[in-house]
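Trainee:
Structure (structure tokens):
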């Protein structure tokens, strides 16, 4: 946080604030501090650690919940607070390690007679969207509402978001440029609701509109091609999914060149589709291209690079190149540990994969060690009848007592 904004925030010590955005937090302090270590301190900024006291038993508070698999890193400790949640700042303390601890308490809507809760926050967002008469903002507001509903399992909020988008489309005149955004947004709504055919129809409409009104290599088409690819992939129509992922890559290359970081996600998407078809050589080729670009940009400590390493490790394992596979898995593990907690399910999965590689190598002792690391994490974070728990326990039970002779 900039020093200027921090000084403004200090004036609210002892007072109640209502963030304008979703507040994504984590219940593991270690994880958050590790995030901070990735961003060196600067004279004009401060590292801020919000410490929140939130009691779910208090009545009339905005909902908050662990969102687990809904977060980008699938961290079981991620906690999401709603827009308009009220927090009373109870303490601001600058520590010797350069971190400012700000202690806050989640408050009920009627505390201190406050009226700037969720409804007020939404009304403010809605007013901003409609007052400037920009249909694109109405679409964004609809997507926001739908996203809120999806994250919190609130179907009524999902319906509100969808209705904004559909009403906007009805009001638009023929050939209006915002029809493109409307159809894309509706496609996402249908895809989220698992209405794959309806989503394909909306995405095709968006694609046709853009092609009729602009060049086929318009960079805004990258997103639509990716949406179409995901929808086709859900139908297991890998021919069409690959076609659209490759179209997205072609457009990126035309607009950004052959070595831009924007190409990385396109290459990973293509590699993943080939992997699902067991076309490991093509998957390896595209993962490797993505790896080279990230190495060229010195971005090998990012979560995306960990994903690439996981993909390459799987392929190396299939090719019986076990030492290379272990190297990639270990690299992926070290990167992930910088961004997620040590009991994150992806950490457990990586330990499991490492263990299985050791099993293929005949090193049963190390295999057992790695599988037990995974089992410990699953045991701490998931119920005993969860498939991850039962599967890893079965793997350990079935390990042969003697080394495998090759």
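Numbering (UniProt numbering), first residue to last: 1 to 406. No residue lacks a Cβ here, since even glycine has one placed at the ideal position from N, Cα and C.
1. Do residue 175 and residue 203 have their C-beta atoms closer together than 8 Å?
2. Within this structure, are the beta carbons of residue 348 and residue 378 separated by less than 8 Å?
3. Are residue 173 and residue 213 touching if we call contact CB-CB under 8 Å?
4. Residue 142 to residue 182, Cα distance in whole Å?
5. Within 8 Å, do at least three Cβ pairs link the region 244-252 to the region 216-232?
6. Buried or exposed: which applies to residue 370, given that a residue is buried once 16 or more other Cβ atoms fall within 10 Å of its Cβ?
7. DSSP three-state label for residue 198, please.
8. Would you call the region 314-321 and the region 333-343 in contact, with 3 or more CB pairs under 8 Å?
9. Alpha carbon to alpha carbon, what distance is there between residue 253 and residue 392?
10. Residues in its own chain within less than 7 Å of residue 12 by CB, not counting five upstream and five downstream?
11. How big is the Cα-Cα spacing for residue 334 and residue 22?
12. Can you check which of these residues, 263, 165 and 17, is closest to residue 297 by C-alpha distance?
13. Could you give the uninterrupted runs of the alpha helix (DSSP H) lying entirely in the region 346-393, keeping only those of 4 residues or more?
14. Would you grab the beta carbon distance between residue 287 and residue 257 for me? Rounded to a whole angstrom, and I think it's under 8 Å.
15. Looking only at C-alpha atoms, which of 192, 188, 219 and 260 sits nearest to residue 205?
16. Roughly how many whole angstroms lie between the Cα atoms of residue 343 and residue 376?
17. Just grab the DSSP bridge partners of residue 107 for me.
Mentor: Put simply:
1. no
2. yes
3. no
4. 10 Å
5. yes
6. buried
7. helix
8. no
9. 43 Å
10. 89
11. 29 Å
12. 263
13. 364-381
14. With 8 Å as the limit, residue 287 and residue 257 do not qualify as a contact, their Cβ atoms being about 20 Å apart.
15. 188
16. 9 Å
17. 86
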